[in-house]
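Heads up, the thing below is written out as structure tokens.
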Amino acid sequence: MKNKKSIPLIKENRILKLIDVLNCFSEYPYNRENQRDCVLGLYPGKSEKSVFRGMVIPSLRYLSLIIGYEDLIRPSANGRLILESRKKSKKETLRVVRAIVLELDKRLGFIQQLKQLISLTGFINKKDFENLISQEIKGPSEKQREERAKRWIRILEDCMLIKFKNKKRHIILEKENLHQAEKDLEIASKDTKFKDILFKEYNSLPYSETAGVVDIATLRELVAIRFYKEYKLILTESQFDKLLRKHPFITNDYIISFGHPMGAEEKLFYYKDESYRTLSIKFLDLR
Numbered sequence: 001m002k003n004k005k006s007i008p009l010i011k012e013n014r015i016l017k018l019i020d021v022l023n024c025f026s027e028y029p030y031n032r033e034n035q036r037d038c039v040l041g042l043y044p045g046k047s048e049k050s051v052f053r054g055m056v057i058p059s060l061r062y063l064s065l066i067i068g069y070e071d072l073i074r075p076s077a078n079g080r081l082i083l084e085s086r087k088k089s090k091k092e093t094l095r096v097v098r099a100i101v102l103e104l105d106k107r108l109g110f111i112q113q114l115k116q117l118i119s120l121t122g123f124i125n126k127k128d129f130e131n132l133i134s135q136e137i138k139g140p141s142e143k144q145r146e147e148r149a150k151r152w153i154r155i156l157e158d159c160m161l162i163k164f165k166n167k168k169r170h171i172i173l174e175k176e177n178l179h180q181a182e183k184d185l186e187i188a189s190k191d192t193k194f195k196d197i198l199f200k201e202y203n204s205l206p207y208s209e210t211a212g213v214v215d216i217a218t219l220r221e222l223v224a225i226r227f228y229k230e231y232k233l234i235l236t237e238s239q240f241d242k243l244l245r246k247h248p249f250i251t252n253d254y255i256i257s258f259g260h261p262m263g264a265e266e267k268l269f270y271y272k273d274e275s276y277r278t279l280s281i282k283f284l285d286l287r
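Throughout the sequence shown, residue numbering follows my numbering, covering 1 to 287 in sequence.
Laid out in structure tokens, this is it:
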């Protein structure tokens, strides 16, 4: 039997609204009360339970835009990248969001299915596609599976990977945007620069504060921001991990060591069936 795909019920699927919410967690780090008040200010008349805990936090978490729990919620590296792009323009923000959403969708395979289905006619009936992917989604009931499918399709539409036509009866691909997002997810253009930027950002952190041991989640963020600012390249968390695994950990010039997590944590770095939270680099001078 074909494995079902796991998609939660993403209650807030308006991308630009979610980014406004994400900014609240950036503006008030480690202050849950201020984060909550900021978020509720974006939803007048709504309760903390329905909006803050029930809608926006689960939506941001599934889209890989926040990290942490309770008083420690903050934007993830992907979330920081979006907020950085927000300083430029709405167009640039949507470019970054599209890459992150497409990367998530690649695990589900829905855009790929759309490509195949649309290849002959140029479009597909929206209701037919909703029914098709709802059969591939895990869910306690048919109604909830259908709702999950509809909301994911709305996210794809809201970040302009697809659009609706003929009174929203049909789905077509936004080919230019999709092509750009696929290009943004290529890692070849980032490979040659990765190690140098990783070392620079690692060394930029005060040794007096880190003792040479740095959270990998922190490095993901710093390296991604440097790539974006200097080269206008989008480096997602997943791309960072792929490139880190690709480079040797022991050479004549340096030794990279990893530290295991102390307990159950999120966004760990995985390598050869092991999970790691921290990274340290010893630079060798053999002259």
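Every residue gets a Cβ at the ideal spot worked out from N, C-alpha and C, and that includes glycine.
Checking contacts by CB at 8 Å: is Asn31 closer than that to chain D?
Absent from the structure is chain D; it holds one protein chain and no more.
With Glu176 as the anchor, note down where its alpha helix (DSSP H) starts and where it stops.
Locating residue 176 in the sequence shown gives position 176, where the first residue counts as 1. Here the alpha helix (DSSP H) through Glu176 covers Lys175 to Asp184.
From the DSSP output, in three-state form, read off Phe258 for me.
Along the sequence shown, read from residue 1 onward, the residue named residue 258 stands at position 258. If DSSP states are grouped into helix, strand and coil, Phe258 belongs with the strands.
Is the beta carbon of Ile256 less than 8 Å from the beta carbon of Leu222?
Here residue 256 refers to the residue found at position 256 of the sequence shown. Here residue 222 refers to the residue found at position 222 of the sequence shown. Contact flag unset, no.
For Lys4, which option in Lys138, Ile162 and Glu237 has the closest C-alpha, if you only look at C-alpha atoms?
Numbered from 1 along the sequence shown, position 4 holds the residue referred to as residue 4. Each of Lys138, Ile162 and Glu237 was checked against the Cα of Lys4, and the nearest Cα belongs to Lys138.
When the distance is taken between beta carbons, is Ile66 closer than 8 Å to Ser50?
Within the sequence shown, residue 50 is the residue found at index 50, counting from 1. Within the sequence shown, residue 66 is the residue found at index 66, counting from 1. The answer is no: Cβ separation not under 8 Å.
In whole angstroms, give me the CA-to-CA distance for Leu60 and Leu22.
Along the sequence shown, one-based indexing puts residue 60 at 60. Along the sequence shown, one-based indexing puts residue 22 at 22. Near 8 Å, if we compare the C-alpha coordinates of Leu22 and Leu60.
Quick test of your reading: Lys165 and Phe123, contact by CB under 8 Å. State the CB separation rounded to the nearest angstrom.
Here residue 165 is taken as the residue at index 165 of the sequence shown, counted from 1. Here residue 123 is taken as the residue at index 123 of the sequence shown, counted from 1. Yes, they are in contact, since the Cβ atoms of Lys165 and Phe123 sit about 7 Å apart, within 8 Å.
Are the beta-carbon atoms of Asp158 and Ile15 separated by less than 8 Å?
Taking the sequence shown and counting its residues from 1, the one referred to as residue 158 is at position 158. Taking the sequence shown and counting its residues from 1, the one referred to as residue 15 is at position 15. Contact: yes.
According to the Cβ coordinates, are Ser161 and Leu102 closer than 8 Å?
Taking the sequence shown and counting its residues from 1, the one referred to as residue 161 is at position 161. Taking the sequence shown and counting its residues from 1, the one referred to as residue 102 is at position 102. Here residue 161 turns out to be Leu, not Ser, going by the sequence shown. Yes; because the gap between Cβ atoms is below 8 Å, this pair is in contact.
Count the other CB atoms, across all protein chains shown, that sit within 10 Å of the CB of Gly79; report buried if there are 16 or more and exposed otherwise.
Here the question's residue 79 lines up with position 79 in the sequence shown. Per the 10 Å Cβ criterion, buried.
Taking the CB atoms as reference points, tell me whether Leu9 and Gln144 lie closer together than 8 Å.
The count along the sequence shown starts at 1 and reaches residue 9 at position 9. The count along the sequence shown starts at 1 and reaches residue 144 at position 144. Yes. Within cutoff.
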